[in-house]
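**Student:**
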Amino acid sequence: MKQRYNLLSLAVMAACYSSYAQADLREQCLLGVPHFQGEEVKGEQTDLPIYIEADSAVINQPKDATYTGDVSVKQGNRTIVADEVRVEQDGDKARKAFLKGQYQYQDNMIQAQGHDAAMDLTSKEATLANTEYQLVGRQGRGTAESGSFSEDTRTLKNASFTSCLTNDDSWSIEANEMIQHVKDEYAEMWHARFKVLGVPIFYSPYLQFPIGDRRRTGLLIPSFHRSSKDGFSYSQPFYWNIAPNMDATFTPTYYSRRGWQISPEFRYLTGFGEGLVAGEYMAKDRLDEYQPADGDRKRYLMHWRHYMSFLSDWRLSVDYTKVSDKRYFSDFDSDYGNSTDGYATQQFKLGYYQPNYNLSISGKKFQTFDDLDIGPYRVLPQIDFNYYQNDIFKGLADFKFFAQAARFENDSKLMPKAWRFHAEPTLNLPLVNRYGSLNVETKLYATHYIQQKGSGNNAEDMKKNVSRFIPQLKLDFQTVLEADKQLFSGFNQTFEPRVQYIYRPYKNQGDIGSKRHQSVGLGYDSALLQNDYFSLFNDRRYSGLDRISSANLIIAGGTTRFFSDKTGAEVFNFSAGQTYYLSPSKIDDNSINSTAKRSSSWALESNWKFHRKWNWHGSYQYDTRLNQTSLANTSLQYKPSDNKLIQLNYRYASKAYIDQNLSTNRYGQDIKQVGGVVGWELTDNIAVMASHYQDIALKKPVETQFSMNYNTCCWSANVYVARRLTATPSNATSDTLKDLFYDNKFGVNFELRFGTNYGSGVSRMLKKGLIPYTEVYGIN
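Residue numbers (mature numbering (1 follows the signal peptide of the UniProt record, and there is no 0)): -23 to -1, 1 to 757.
See below:
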């Protein structure tokens, strides 16, 4: 029977093989460069005494002296070994040293050897001829017909440079003249030729490149890609080191089927804060499959991220992303968003913070990518005030007060506008002893709405003024118990039970917001929360403040943990929680927004580190409103090191849950995905990544990708192939709307290394794709 292997299985088999190496790539590379021997001498080198040893010497006191036969000249960190050295003197102070024949020079920064040289022993100046040089302690070597060295610069004629080790001619740069700036860690070249394996492939009349860790202005390594949708693409980034506290990168990209795209990025760190401003712009998308309804083929992205701390107590943060259309992240790979996000956020917040209170003003808007008739509300302004005072009433209680004023508007003329004013005082009485803790908390939700009917012809009538007052009582008991006897030999076990009782009376909220949103439990900024274990202990079932359901319920849950006797590390935990409704929980007269009496919602979650290299995670969530499983996932990971891992995953989300929480369903059925990802450093030179995810419900693959990095001491290359689910073309016919569409991608990237980056590239490769790798384990 003929055996067949898919891409993932081949990658898994390859990942299970790893050749043995005595040292990692960085250590191997540094073994091939010279290192300074002995203890480094600090201070001004030219003021230190000079020691000369030789087989013989002819001294013409006080003018000069000639030393021959294994001559060694030492001064501080520098050493000269030559066949013959003639030293000219002015009185008792040495001035010039002339080296005849073969010589070797070394200090704490460079080694050089050649034939004939002249040096000033009272400074760091030297003139060399027929020289081979090698940087000390880092990669970088080359040759020069002649050169002059000073403290700050090295000027070389007919010179070359490469970061490759000796006997490795993978690449080099040759120039008629080269000036290496020692302190600024960069080199300038005139009439430069870039060679690969000794063959010239690029010429530039002027060129700069780094010889250290500092950033330098210039061209970065280009990238090449091939996509079944976009055609061939070529990106050529240009880096501009504007100042030590700011820089910019400009990346023009040409897509053979779409056209040109320009992507600038500006980073800054100033007294006004730190942040990033980026953009992506295409004047006209020529792709036939892209058929915008308004006919505008301009595609763009704008992104601004900023954080500022000023006047000691003020904070400003901005996170703004806007794209030209809903398909943007499906059509373009971007560092500022992903097609799986579903929306782009545009928000800012300015706040004043003190130990006992804070005040802030903010605004938020969402740009959604789903085909929604009515999108989410935007809020501007939103003013929040928080006040905290602990240990009141002779240290027996803690007091909190939260207040908010917010303005809500919607792009749809059918939806109402509103002001919301909210006040929320909370008094908490913590009771703690060695047996556990009991928090008795009382709270009041006081909210007033001023609503305005939408301007559309079919907009529904609204009650202009609505007030709502809901008190709340919460009892929260927690404790930690340690088992007297070991259930399993070698492991200590703890139990962390938690019981919470919440009571809130029913208040009909049918007059708040639009009936269209109420039908799915939504308000101006509310949505049903996920029912995982930790959210079980939230005060409310809904986010936001518009939907505060009645409550007469008990939440019981707990976590058990197992710790190793030998290391004290946690190796296993299991959490389970259940909500028991003593009476139905509801927000209005709509039965959809209510729970059945005595119904029970619950969640399970567990992590198991059954070996120092193996982790397992699983979670399960049951929704009582749907009377079915809403979410479930499990994951198994083998991770012997940071650059070696295999992870297998299963994800489930019910169609009803998706409809309820997203107000739309792009799939039309349950999501059942199974797949895995492999990231593995096979050797010190080769690293691979492969992933495959299959939707069981659709019986179709979601994504398959493979990437391989080949790393050497002075260059690396990456090859990437992928087949991933993509958006339905705008010009799809009714016969093809139910079909799934895929984009096949292929890319090649090269990178020159100047002795500063030895990464295998595994972490970078794992970030690629629709479903990037995530660490989901709750045990470290």
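Even glycine gets a Cβ: it sits at the ideal position worked out from N, Cα and C.
If you're wondering where the values come from, they're calculated on a predicted model, not measured in any experiment.
Report yes or no: do the segment 208 to 221 and the segment 181 to 195 share at least 3 C-beta pairs separated by less than 8 angstroms?
**Tutor:** Pairwise C-beta distances place the segment 208 to 221 in contact with the segment 181 to 195, as three or more of them are shorter than 8 angstroms.
**Student:** Helix, strand or coil for Arg589, going by three-state DSSP, please let me know.
**Tutor:** Correct three-state label for Arg589: coil.
**Student:** Count the other CB atoms within 10 Å of the CB of Arg131; is the residue buried (16 or more) or exposed (fewer)?
**Tutor:** buried
**Student:** Going by CA-CA distance only, name the one from Ile564, Tyr557, Asn567, Asn610 that's closest to Glu582.
**Tutor:** Asn610
**Student:** Which one or two residues does DSSP pair with Met96 in a beta bridge?
**Tutor:** Ala74, Ala103
**Student:** Helix, strand or coil, according to DSSP, for Ala633 in the structure here?
**Tutor:** Correct three-state label for Ala633: helix.
**Student:** Relative to the C-alpha of Phe540, which residue among Ser571, Ser466, Tyr483 is closest?
**Tutor:** For Phe540, the closest C-alpha among the options Ser571, Ser466, Tyr483 is that of Ser466.
**Student:** Considering Cα atoms alone, identify which of Thr403, Lys632, Asn550, Phe446 is closest to Glu473.
**Tutor:** Asn550
**Student:** Contact defined as beta carbons within less than 8 angstroms: I believe Val62 pairs with Gln88. What is the distance between those atoms, to the nearest angstrom?
**Tutor:** With a Cβ gap of about 18 angstroms, Val62 and Gln88 do not count as contacting.
**Student:** So what does Ile36 bridge to, in DSSP terms?
**Tutor:** Ala42
**Student:** Would you check if there are 3 or more beta carbon pairs closer than 8 angstroms linking the segment 318 to 328 to the segment 339 to 349?
**Tutor:** Yes, they touch.
**Student:** For my contact list, Ile427 and Lys440 are in at a C-beta cut-off of 8 angstroms; report their separation, rounded to the angstrom.
**Tutor:** Incorrect: roughly 10 angstroms between the Cβ atoms, too far for contact.
**Student:** Measure the CB-CB distance between Met279 and Val295 and report whether it falls below 9 angstroms.
**Tutor:** no
**Student:** When the Cα of Thr108 is compared with those of Thr99, Ala95, Gln116, which residue comes out closest?
**Tutor:** Ala95
**Student:** Alpha carbon to alpha carbon, how far is Thr120 from Ala136?
**Tutor:** Their backbone Cα atoms lie some 5 angstroms apart in a straight line.
**Student:** The beta strand (DSSP E) with Leu452 in it runs from where to where?
**Tutor:** Taken as a continuous stretch (DSSP letters only), the beta strand (DSSP E) holding Leu452 covers 442 to 455.
**Student:** For the segment 350 to 363 against the segment 303 to 317, do three or more pairs of beta-carbon atoms, one drawn from each stretch, fall closer than 8 angstroms, so that the two count as touching?
**Tutor:** No, they do not touch.
**Student:** Should Val48 be labelled buried (16 or more other beta-carbon atoms within 10 Å of its own) or exposed?
**Tutor:** buried
**Student:** Does DSSP put Ala(-13) in a helix, in a strand, or in coil?
**Tutor:** Because the pLDDT of Ala(-13) is 37, which lies under 50, any placement of that residue in the model is unreliable, and the number read from its coordinates should be weighed accordingly. It is helical.
**Student:** In whole angstroms, give me the CA-to-CA distance for Pro448 and Ser526.
**Tutor:** 12 angstroms
**Student:** Quick check on DSSP: helix, strand or coil for Gly755?
**Tutor:** Of the three classes helix, strand and coil, the one that applies to Gly755 here is coil, per DSSP.
**Student:** List the endpoints of the continuous alpha helix (DSSP H) containing Gln5.
**Tutor:** 2 to 8
**Student:** Write down every uninterrupted run of the alpha helix (DSSP H) in the segment 298 to 332 whose length is 4 residues or greater and which is fully enclosed by it, in chain order.
**Tutor:** Counting only unbroken stretches of 4 or more residues, the alpha helix (DSSP H) elements lying wholly within the segment 298 to 332 are 305 to 308, in sequence order.
**Student:** Below 8 angstroms, how does it come out for the segment 561 to 568 and the segment 728 to 735: are there three or more Cβ pairs, yes or no?
**Tutor:** no
**Student:** Between Leu391 and Arg493, is the Cβ-Cβ spacing less than 9 angstroms?
**Tutor:** The Cβ-Cβ distance between Leu391 and Arg493 falls below 9 angstroms.
**Student:** Excluding the 5 residues flanking Ser200 on each side, which residues of the same chain have their C-beta closer than 7 angstroms to its C-beta?
**Tutor:** Ser212, Gly724, Asn726
**Student:** Over what stretch of residues does the beta strand (DSSP E) that includes Ser339 continue unbroken?
**Tutor:** If you look at Ser339, you'll find it in the beta strand (DSSP E) that goes 334 to 345.
**Student:** Would Asp146 pass as a contact of Gly124 if the rule is Cβ separation under 9 angstroms?
**Tutor:** no
**Student:** Is it buried or exposed for Trp167, if we count other Cβ within 10 angstroms and need 16 for buried?
**Tutor:** exposed
**Student:** Can you find the residues in the same chain that come closer than 6 angstroms, C-beta to C-beta, to residue 758, ignoring five residues on each side of it along the sequence?
**Tutor:** It is not possible to answer for residue 758, since the shown part of the chain is limited to -23 through 757.
**Student:** I need the boundaries of the alpha helix (DSSP H) containing Arg524, first residue and last residue.
**Tutor:** Note, Arg524: premise wrong, no alpha helix (DSSP H); not H, not E.
**Student:** Given a cut-off of 9 angstroms on the beta-carbon distance, is the pair Ile150 and Phe138 in contact?
**Tutor:** Remark: C-beta atoms of Ile150 and Phe138 approach each other more closely than 9 angstroms.
**Student:** Alpha carbon to alpha carbon, how far is Arg115 from Glu165? Give it in angstroms, no decimals.
**Tutor:** 19 angstroms
**Student:** Please give the ranges of any beta strand (DSSP E) in the segment 153 to 186, keeping only runs that are unbroken, at least 3 residues long and fully inside the region.
**Tutor:** 163 to 173
**Student:** Measuring straight from C-alpha to C-alpha, what distance separates Glu680 and Thr601?
**Tutor:** 33 angstroms
**Student:** Quick one: is Asn434 buried, meaning 16 or more other Cβ sit within 10 Å of its Cβ, or exposed?
**Tutor:** exposed
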